[in-house]
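Since the structure comes first, as structure tokens, the remarks are kept for the end.
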Amino acid sequence: MSTLQHIDGDARVLITGAPDVIFAMCREQMSRHGAVPFEAQYWEEEMARFARQGLRMVAAACKPASLDATTSTMRTCRRD
1 MSTLQHIDGD
11 ARVLITGAPD
21 VIFAMCREQM
31 SRHGAVPFEA
41 QYWEEEMARF
51 ARQGLRMVAA
61 ACKPASLDAT
71 TSTMRTCRRD
């Protein structure tokens, strides 16, 4: 699922879904120090750790959007 939000004067696409689908779209992740390269292996290991406890994960991501954007589509969310 994706949604377009205007937050504090910026437009952002917010997306949630299956981790494998969301991870395929990601190049960066946020840290305390800002954006850093996406660490797929780390997140795969975390998912496996949670799965061993009987838990499931849903991934969430965001990306900047054009301020004049009025809709969000999967095309908007591609790997950028």
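Just so you know, my numbering puts 11 at position 11 of the sequence shown, and the rest follows in order with no gaps.
Every residue gets a Cβ at the ideal spot worked out from N, C-alpha and C, and that includes glycine.
1) Using only the alpha-carbon positions, how far apart do R52 and E45 sit?
2) Tell me which residues share the same chain as P37 and place their Cβ nearer than 8 angstroms to its Cβ, disregarding the 5 neighbours each side in the sequence.
3) Can you give me the start and stop residues for the alpha helix (DSSP H) that D20 sits inside?
4) Does DSSP put G54 in a helix, a strand or coil?
Based on what the coordinates show:
1) For the purposes of this step, residue 52 is taken as the residue at position 52 of the sequence shown. For the purposes of this step, residue 45 is taken as the residue at position 45 of the sequence shown. R52 and E45 have their C-alpha atoms roughly 11 angstroms apart.
2) As a working mapping, residue 37 is identified with position 37 in the sequence shown. For P37, where only same-chain residues beyond five positions count, the Cβ hits under 8 angstroms are R27, E28, Q29.
3) Walking along the sequence shown from the start, residue 20 turns up at place 20. Where D20 is concerned, the enclosing alpha helix (DSSP H) stretches over 19–25.
4) Taking the first residue of the sequence shown as 1, we reach residue 54 at position 54. In the structure shown, G54 adopts coil according to DSSP, grouped into three states.
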